[in-house]
Ligand code: SF4
Ligand code: SF4
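Put into structure tokens, the structure is as follows:
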């Protein structure tokens, strides 16, 4: 198979935040210490090599890129200070930018000022758009949907979700095709027979249930340097509660809308704290605020190797998640205060605007790893289901 060499790959990766990976002399220390590297999936050295020699396609079709949890152990041992951990993070940003055909992800990553301006503009746009249709501020109790019409929020939310689904799907298809080609995995391998479908279902469960939601290897293998750290400050737990919190809030929002569509409960109707959807939203919100708050503090203090270097993209995502969580709770407090405080309406407007922006930008920033990582882990799990008969090749 011919290999196309991209001489601009290394400088391009630097734009995405890679350190001086040209200094790497291929000693292999990083691979030796990486708790996730094993057998023929040796990384990060293999991925670094791809970058050094300009093997763009090989880099973008590497499922190993997404198995890395950015623990930073490899950077600790690098004799050349090539920061392999930061390189892996930069390569994932580069991959997100390459899978996205709109160019927005690349702009967000490589032009931080413009990226921040886009983020601010989007929040302002959503806020002004909602405010332009605002109604009266009831004074007896907060009537949020009397202030910003429910239909407007739902319609805007659906438009945002459709854009996100299309952009996310396009990225997933591009990524899956590239990895599939490299791994000699096609449709026939995945669903071509009853046995293949069974293996695929098992791989899907391992990728989504065990590894992504359960964080198995993050917990088991990437926590070696955290033995003295209390459980509530451990990296894997902070990452997990932030992810669970975000997904829980998304689920609560969709369920709330679903209940309204089924005529069970109108959106915004006051319900007791134990009402299932509200309970889910409250617990998920607490997780999100806790996880993002500690992650922000850890990054500010460079508390460990994995957060020693922060990019504008890291801060943008954490800021949006934190603001969404905190404004949600502030709103919950406002709902129970007597006299319907006027600021409650504006917090609501701000909360909706930032939440919409967060969801809309999801495929174009770091949050996209929520879908790309499970796809890579699926191929990873599939490759481990032994040499099944439908496969035409092995893992590289
Ligand atoms: S430890 Fe450093 S120099 Fe050695 S292979 Fe890894 S990145 Fe290169
Ligand atoms: S950051 Fe951790 S998981 Fe990622 S390559 Fe380095 S040692 Fe391995």
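Numbering (our numbering), first residue to last: 4 to 399. Backbone N, C-alpha and C fix where the C-beta goes; we use that ideal spot for every residue, glycine too.
Check whether residue i and residue j have beta carbons under 8 Å apart
i: residue 112; j: residue 95; result: no
i: residue 135; j: residue 238; result: no
i: residue 51; j: residue 87; result: yes
i: residue 32; j: residue 80; result: yes
i: residue 92; j: residue 63; result: no
i: residue 151; j: residue 362; result: no
i: residue 365; j: residue 176; result: no
i: residue 132; j: residue 85; result: no
i: residue 276; j: residue 282; result: yes
i: residue 153; j: residue 270; result: yes
i: residue 172; j: residue 343; result: no
i: residue 140; j: residue 345; result: yes
i: residue 280; j: residue 328; result: no
i: residue 47; j: residue 34; result: yes
i: residue 200; j: residue 194; result: yes
i: residue 313; j: residue 302; result: yes
i: residue 371; j: residue 174; result: yes
i: residue 290; j: residue 248; result: yes
i: residue 160; j: residue 359; result: yes
i: residue 383; j: residue 17; result: no
i: residue 60; j: residue 24; result: no
Whole-Å CB distance - residue i paired with residue j, under 8 Å assumed
i: residue 311; j: residue 20; result: Actually they do not touch by this definition, with Cβ atoms about 13 Å apart.
i: residue 108; j: residue 367; result: 4 Å
i: residue 103; j: residue 170; result: 7 Å
i: residue 255; j: residue 287; result: 6 Å
i: residue 203; j: residue 385; result: 7 Å
i: residue 39; j: residue 224; result: 6 Å
i: residue 37; j: residue 77; result: 5 Å
i: residue 110; j: residue 118; result: 6 Å
i: residue 241; j: residue 234; result: About 10 Å; that fails the 8 Å criterion.
CB contact below 8 Å: residue i versus chain C
i: residue 260; result: Looking at the structure shown, chain C is missing, and only one protein chain is on hand.
>> Any contact between the region 315-324 and the region 344-356? By contact I mean 3 or more CB pairs, one from each, below 8 Å.
In response: no
> Should the region 121-132 be called in touch with the region 40-55, which here means at least 3 C-beta pairs below 8 Å?
Replying inline: no
> Is the region 69-88 touching the region 370-389, taking contact as three or more C-beta pairs under 8 Å?
Replying inline: yes
> If we count Cβ pairs, one from each stretch, closer than 8 Å, do we get three or more for the region 296-307 versus the region 246-263?
Replying inline: no
> Three or more C-beta pairs closer than 8 Å, one from the region 218-227 and one from the region 323-337: is that the case here?
Replying inline: no
> What alpha helix (DSSP H) runs, 4 residues minimum, are completely inside the region 90-123?
Replying inline: 107-113
>> In chain order, what are the residue ranges of uninterrupted alpha helix (DSSP H) at least 4 long that sit wholly in the region 328-377?
In response: 345-364
> Along the chain, which unbroken stretches of the beta strand (DSSP E) at least 3 residues long are found entirely within the region 166-247?
Replying inline: none
>> Could you tell me which whole alpha helix (DSSP H) segments of length 4 or greater appear in the region 17-97?
In response: 32-36, 48-56, 59-63, 76-80
> Can you list, in chain order, the stretches of the alpha helix (DSSP H) that have 4 or more residues and sit fully within the region 250-309?
Replying inline: 279-304
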